Amino acid sequence: MTHSLVCAGTVSRVSSVLNRNTRQFGKKHLFDQDEETCWNSDQGPCQWVILEFPQRIRVSQLQIQFQGGFSSRRGCLEGSQGSEAFNKIVDFYPEDNNSLQTFSVPTAQVDRLKVMFEDATDFFGRVVIYHLRVLGEKV
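Numbering-wise, the numbering used here puts 32 at position 31 of the sequence shown, and it's gapless, one number per residue.
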């Protein structure tokens, strides 16, 4: 059965936070299910989110809700097991809008994921995400 895999034991890291204001724009807002909060990256050529799960997972879908005008034209999902290097799982191509977008993921068993956002629609390379969900099952 497919369900959200991000839990209290999941450790997350992000490439940057706008003006280092983690209280207003920090990574915790990616997973809080609050429509009023978001992660807002600072400027740069490539933004990313790393998730370390407390156990091995089988990913089937990735869901992302951007703020229109601050999305990414191209993304890449990478995964690894343990301390291995990240390997590419799939490229995805988000639309520049406010809708929750779902991307299918080829079957991959991992305990770490890296979601990279390349070619931002914002001139300065900022990305704004209201929701980030990893769907699948625990192995």
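Every residue gets a Cβ at the ideal spot worked out from N, C-alpha and C, and that includes glycine. None of these values were measured; they are calculated from a predicted model.
How is residue 104 classed by DSSP in three states: helix, strand or coil?
strand
Return the CA-CA distance between residue 30 and residue 5, expressed in angstroms with no decimal places.
16 Å
Can you give, in chain order, each stretch of the alpha helix (DSSP H) that sits fully within the segment 6-80 and has at least 4 residues?
23-26
Reducing DSSP to helix, strand and coil, say where residue 82 ends up.
coil
Distance CB(residue 73)-CB(residue 121) smaller than 7 Å:
yes
Through-space distance from residue 39 to residue 134, alpha-carbon basis:
13 Å
Helix, strand or coil at residue 96 according to DSSP, with G and I counted as helix
coil
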